[in-house]
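Residue numbers (mature numbering (1 follows the signal peptide of the UniProt record, and there is no 0)): -22 to -1, 1 to 168. Below is one structure; the comments refer to it alone.
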């Protein structure tokens, strides 16, 4: 793969992650400088009502690997960063053709419908939850697809982003549908 293709793939991945989180929280990249600050930060995060209650990284590795995801690639960050108001967990596909991320937040399906950086909204269901399938507007449209699922205190967002320049890419909407359905039993109930 040429250096240009690799660079575009990295830019596309970072842009998709940024679009998914744009306007939804501030970055928290600063590190506390003392043990007391670290302890206080951990307590604040654990009790912060702005933080989603469900952590997608609690999905069992066995469920993830059964769906063709590489459990050793598991990460609770987007581009090495965490974001206030979101819990995130992501994996690479075992065949290295796409990245899969689950985001949880207090946002609603209606809020997603209002965003101009998404398009192609289609109402659907995942398990017994109302959901909305959509794609990013613009250049990333053909590479990614998302399904946001309504839960009692917000949404769970399933996101697939094909790796640019990789041969044999599948339809991202078909892939995200398969993954969301395969993990529906782990989504918090109403």
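Built from N, CA and C at the ideal position, the CB exists for glycine as well.
What's the gap between the Cα of residue i and the Cα of residue j?
| i | j | result |
| --- | --- | --- |
| residue 120 | residue 131 | 31 angstroms |
| residue 150 | residue 78 | 10 angstroms |
| residue 37 | residue 160 | 11 angstroms |
| residue 51 | residue 70 | 6 angstroms |
| residue 55 | residue 32 | 15 angstroms |
| residue 39 | residue 116 | 33 angstroms |
Grab me the residues of residue i's own chain with a C-beta within less than 6 angstroms of its C-beta, minus the 5 sequence neighbours each way, in chain order.
| i | result |
| --- | --- |
| residue 128 | 87, 107, 108 |
| residue 102 | 109, 111 |
Got a sec: does the ligand HEM put a non-hydrogen atom nearer than 7 angstroms to the Cβ of residue i?
| i | result |
| --- | --- |
| residue 76 | Although the ligand HEM was asked about, the structure shown includes no ligands whatsoever. |
How would you call residue i, buried or exposed, if buried means at least 16 neighbouring beta carbons within 10 angstroms?
| i | result |
| --- | --- |
| residue 163 | exposed |
| residue 137 | buried |
| residue 122 | buried |
| residue 98 | exposed |
Which same chain residues, not among the five before or five after residue i, have their C-beta less than 8 angstroms away from its C-beta?
| i | result |
| --- | --- |
| residue 148 | 75, 76, 140 |
If distances are taken between C-alpha atoms only, which option among the options comes closest to residue i?
| i | options | result |
| --- | --- | --- |
| residue 62 | 153, 84, 95 | 84 |
| residue 42 | 158, 114, 166 | 158 |
| residue 133 | 53, 114, 94, 167 | 167 |
| residue 118 | 95, 89, 100 | 95 |
| residue 89 | 65, 105, 135, 40 | 135 |
| residue 105 | 155, 46, 34, 35 | 155 |
Contact between the stretch 133 to 142 and the stretch 65 to 78: three or more CB pairs below 8 angstroms?
Short answer: they touch.
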